[in-house]
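What follows is one structure encoded as structure tokens, with my remarks underneath.
What follows is the structure, encoded as structure tokens:
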């Protein structure tokens, strides 16, 4: 994918989440069922989780989940939405929990590489990250931030399984993008049936999922489907 197209898609999503952050947050005030299973797997393979990086932390709800399930850990939540970061700083930040506005597509990873992490979360994020080669590079960069035996939890949103989400696909022909500049699986999704406000999302083929897992150079621990339409993949650094 050409970089100018990639940047336009990133900006489209940034604007979407700045505009809809409050409404989005109000619909994301519960824990996903798949989190508990993921946490049980994490604790089996690395019971000493002390440093956590939450990439695309949104309203910080996974931090609340961690606080109920783990003690004595440090947490850094990053997101490109300043509205989400402000909400988290006001509601959740403390001496062990920090939040930072950070654009994983463009910012310098050395800003968050001052520590290594036992657990990195990439939940409901990867489908917003344009370009197959860029997604592979992101996983590589994140894996380099892991401690030995550190674990990554990532999810693939299989939104094309849902008739409701298929009905919200916005045609590229009505957008400011040329479909030939995009990749197979790229879509614009409307926020609701009653609005044309759009966000960029990528639907992953099985081949793409396997490529990301294979090229991560991490050891796969588990893969499962939960929350109706999310594929969870849990991997560990040797």
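In the UniProt record's numbering, the protein residues as written are 1 to 238.
Beta carbons are placed, not taken as given, at the ideal position from N, Cα and C, and that holds for glycine.
Note that this is a predicted model, so its numbers are computed, not measured.
Classify residue i as helix, strand or coil using the three-state DSSP reduction.
i, result
"residue 88", "helix"
"residue 180", "helix"
"residue 69", "helix"
"residue 1", "coil"
"residue 31", "coil"
"residue 231", "strand"
"residue 127", "helix"
"residue 159", "helix"
"residue 19", "helix"
"residue 226", "strand"
"residue 83", "helix"
Compute the beta-carbon to beta-carbon distance between residue i and residue j, rounded to the nearest angstrom, for a pair I have assumed lies under 8 angstroms.
i, j, result
"residue 129", "residue 230", "About 16 angstroms separates the two Cβ atoms, so there is no contact after all."
"residue 290", "residue 127", "Beyond the ends of the chain as shown, which are 1 and 238, falls residue 290; an answer cannot be given."
"residue 132", "residue 183", "6 angstroms"
"residue 170", "residue 146", "Contact doesn't hold; Cβ gap of about 37 angstroms is too wide."
With 16 as the cutoff for other CB atoms within 10 Å, does residue i come out buried or exposed?
i, result
"residue 81", "buried"
"residue 6", "buried"
"residue 62", "buried"
"residue 117", "buried"
"residue 186", "buried"
"residue 199", "buried"
"residue 192", "exposed"
"residue 87", "buried"
"residue 29", "exposed"
"residue 219", "exposed"
"residue 113", "exposed"
"residue 121", "buried"
I need the straight-line Cα distance from residue i to residue j, nearest angstrom please.
i, j, result
"residue 11", "residue 4", "11 angstroms"
"residue 235", "residue 74", "21 angstroms"
"residue 101", "residue 44", "32 angstroms"
"residue 2", "residue 181", "7 angstroms"
"residue 64", "residue 210", "31 angstroms"
"residue 179", "residue 237", "37 angstroms"
"residue 109", "residue 53", "12 angstroms"
"residue 78", "residue 56", "6 angstroms"
"residue 123", "residue 60", "11 angstroms"
"residue 148", "residue 46", "10 angstroms"
"residue 254", "residue 142", "Because the chain spans 1 through 238 in this model, residue 254 falls outside it and cannot be assessed."
"residue 103", "residue 139", "15 angstroms"
"residue 14", "residue 105", "11 angstroms"
"residue 158", "residue 164", "12 angstroms"
Which same chain residues end up closer than 8 angstroms to residue i when comparing Cβ atoms and leaving out the 5 residues on each side of it in sequence?
i, result
"residue 205", "184 and 185"
"residue 42", "49, 119, 151, 153 and 234"
"residue 162", "228 and 229"
"residue 83", "17, 18, 21 and 22"
"residue 93", "99"
Grab me the residues of residue i's own chain with a C-beta within less than 6 angstroms of its C-beta, minus the 5 sequence neighbours each way, in chain order.
i, result
"residue 136", "215"
"residue 85", "79, 99 and 101"
With a threshold of 7 angstroms on Cβ separation, who are the neighbours of residue i within its own chain once the five nearest residues in sequence on each side are excluded?
i, result
"residue 225", "231"
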